[in-house]
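Student: Chains as they are written, first to last, in our numbering: chain W, 1 to 179; chain B, 1 to 179.
Number of protein chains: 2
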Amino acid sequence: MACELFRQHGIRGIGVDAIAEAADTNKMTLYRHFGSKDDLICEALRHTSAKAAAMWDELEAAHPGDARAQLDGWVEVRSQCLCSEPFGCDLANAAVELKESDHPAHAVIENFKNLQQKKLADLCRRAGVDEPEALADTLSMLLEGARVSRLATGSEGPSMRFVRACEAAISAFAGARPV
Amino acid sequence: MACELFRQHGIRGIGVDAIAEAADTNKMTLYRHFGSKDDLICEALRHTSAKAAAMWDELEAAHPGDARAQLDGWVEVRSQCLCSEPFGCDLANAAVELKESDHPAHAVIENFKNLQQKKLADLCRRAGVDEPEALADTLSMLLEGARVSRLATGSEGPSMRFVRACEAAISAFAGARPV
DNA sequence: CTGCATAGTTACCGACCGGTCACACCCATG
DNA sequence: CATGGGTGTGACCGGTCGGTAACTATGCAG
Chain W
1 MACELFRQHG
11 IRGIGVDAIA
21 EAADTNKMTL
31 YRHFGSKDDL
41 ICEALRHTSA
51 KAAAMWDELE
61 AAHPGDARAQ
71 LDGWVEVRSQ
81 CLCSEPFGCD
91 LANAAVELKE
101 SDHPAHAVIE
111 NFKNLQQKKL
121 ADLCRRAGVD
131 EPEALADTLS
141 MLLEGARVSR
151 LATGSEGPSM
161 RFVRACEAAI
171 SAFAGARPV
Chain B
1 MACELFRQHG
11 IRGIGVDAIA
21 EAADTNKMTL
31 YRHFGSKDDL
41 ICEALRHTSA
51 KAAAMWDELE
61 AAHPGDARAQ
71 LDGWVEVRSQ
81 CLCSEPFGCD
91 LANAAVELKE
101 SDHPAHAVIE
111 NFKNLQQKKL
121 ADLCRRAGVD
131 EPEALADTLS
141 MLLEGARVSR
151 LATGSEGPSM
161 RFVRACEAAI
171 SAFAGARPV
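Below, the structure is given as structure tokens:
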């Protein structure tokens, strides 16, 4: 899959030929389905977005109706992702890599990040947090920071304390502590 | 300067010819000073590191002997950098962009980030924070996260509340509040 | 003036890039 | 059998990449 190649070599670091070959096809057929490499990039990011969005359903399924448990679950799931996905967030990495401000992928990235942000803030609100937006923003920054920090300094860096930091943030913004 | 071109177009996005031209010279002369583009990248990152390291001296000069004020000053300075340097951290961006794990730039990046981390943790310690490493890690993650978040969703995203999040983190980890 | 190191110029190298072309192919539907 | 649409193939386009060779121009020390 193209996502994997973009992840491993970077969007600019992989050629269309190699992508086609990895898909057990050839460049011409690939160009008949996607008009350009930029289209392919957008489609790959959309695919990654869709997969990431599924996490919210799993969270709801794991702790049905218990928003506070879902919030704790979010921290847990994200912490595990930090270890299992050492390349960081494909969407954020693409935002860093694609400097052309008019690249169509930027719209995909922004849509996805805004949606995630909205869902997280909503979860915080349902969990009875005093300042849901502030907590959601803090958790987002901690997550993005942990991912890029892991790329820069490895697993021994600041990202080691991601869970600690999240718990402190939740305590700080949650107001009255639940059970 | 090459730093600026790497920042604006990405390390892979700018060619040696363009760098030479921007330096009012030509490719051959440039290759006589730097053995390869990778060397040039490392040198540019080292240069950026050195400039960034100067911030610590300014912080000490602004609040001599007052570690707690320096810590608040760190948040203030970093918050201003978020606005004045919308491209994010050159070192972190390079870590995202350079996927080859054996690229010499990774050593430069890791050294710099580790040094920053050590200095920040030391500042936290001198400020009498209960858990200096935990606070330093949290602040680092918030900063890196704010920068990449700004690249992904612009100035209206989570990075808007960077200062709020930092203050909450400081409160959470500082223990007894100072004056 | 003579050397010599440095820098500038131009052309070039092989490799790869994103993207397109013409053409053979396969296979299902009619 | 015929036809037509999707697929595979390989050559090809112009352009750019990082890096080098050969030669010239410049400036400075002896």
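Beta carbons: idealized from backbone N, C-alpha and C, even for Gly.
What ranges does the alpha helix (DSSP H) occupy inside the stretch 9-48 of chain B, keeping only unbroken runs of at least 4 residues that lie completely in it?
Tutor: List check, alpha helix (DSSP H) in window: 16-22, 27-33.
Student: Compile a chain-ordered list of the residues in the stretch 106-121 of chain B whose CB is closer than 7 Å to at least one CB of chain W.
Tutor: Answer in chain order: Ile109, Glu110, Lys113, Asn114, Gln117.
Student: Give me the chain B residues within the contact set of Lys99/W, using Cβ-Cβ distance strictly less than 8 Å, ordered along the chain.
Tutor: By Cβ distance, chain B contributes Gln8, His9, Gly10, Gly13.
Student: Counting only beta-carbon separations shorter than 9 Å, does Glu144/B have a partner in chain W?
Tutor: Interface residue, yes.
Student: Whole angstroms are fine: how far does the CA of Cys166/B sit from the CA of Val75/B?
Tutor: Going from the Cα of Val75/B to the Cα of Cys166/B covers about 7 Å.
Student: Please list the partners that Thr153/W has in chain B, where partner means a Cβ-to-Cβ separation under 7 Å.
Tutor: Per Cβ cutoff of 7 Å: Glu110, Lys113, Asn114.
Student: Under 8 Å between beta-carbons, which chain W residues line up against Leu91/B? List them in chain order, please.
Tutor: Neighbours of Leu91/B on chain W, chain order: Ala152.
Student: Hey, quick one: how far does the alpha helix (DSSP H) through His106/B stretch, first residue to last?
Tutor: Unbroken alpha helix (DSSP H) run through His106/B: 105-126.
Student: Assuming Arg78/W and Leu151/W are in contact, meaning their beta carbons sit under 8 Å apart, how far apart are those beta carbons, in whole angstroms?
Tutor: Between Leu151/W and Arg78/W the Cβ distance is about 16 Å, and since that is not below 8 Å, they are no contact.
Student: Whole angstroms is fine: what's the gap from Ile109/B's alpha carbon to Pro64/W's?
Tutor: Using only the alpha carbons, I get a separation of about 43 Å.
Student: Taking 9 Å as the threshold (C-beta atoms), are Asn114/B and Arg7/B in contact?
Tutor: No. Outside cutoff.
Student: Look up Phe87/W in the DSSP assignment and say whether it is helix, strand or coil.
Tutor: Residue state, collapsed to three classes: coil.
Student: Report the three-state DSSP secondary structure of Gly73/B (helix, strand or coil).
Tutor: DSSP places Gly73/B in helix when its eight states are reduced to three.
Student: So Cys3/W and Ala105/W are supposed to be a Cβ contact under 8 Å. How far apart are they, rounded?
Tutor: Going by Cβ atoms, the distance from Cys3/W to Ala105/W rounds to 13 Å, so no, they are not a contact pair.
Student: Candidates His103/B, Ala134/B, Ser84/B: which alpha carbon is nearest Ser171/B's?
Tutor: It is Ala134/B whose Cα lies nearest to the Cα of Ser171/B.
Student: Output, in chain order, the set of chain W residues within a Cβ distance shorter than 8 Å of Ser171/B.
Tutor: What Ser171/B touches in chain W: Ala172.
Student: If you measure from the beta carbon of Ala54/W to each beta carbon in chain B, is any gap under 9 Å?
Tutor: It does not; no Cβ of chain B falls within 9 Å.
Student: Using alpha carbons as the reference points, say which of Ala136/W, Arg161/W, Lys119/W, Pro158/W lies closest to Leu59/W.
Tutor: Taking only the C-alpha atoms, the option nearest Leu59/W is Lys119/W.
Student: When you compare the CB of Asp130/W with every CB in chain B, is at least one pair closer than 9 Å?
Tutor: It does not; no Cβ of chain B falls within 9 Å.
Student: Alpha carbon to alpha carbon, how far is Asp130/W from Ala136/B?
Tutor: In a straight line, the C-alpha of Asp130/W is about 25 Å away from that of Ala136/B.
Student: Ala20/B touches chain W at which residues, Cβ-Cβ below 7 Å?
Tutor: Those within 7 Å of Ala20/B in chain W number zero; the least Cβ separation is about 20 Å.
Student: Roughly how far, in whole angstroms, is the beta-carbon of Ala168/W from the beta-carbon of Thr138/B, given that I think they are within contact range, below 8 Å?
Tutor: Right, the Cβ-Cβ distance comes to about 7 Å (below 8 Å), so this counts as a contact.
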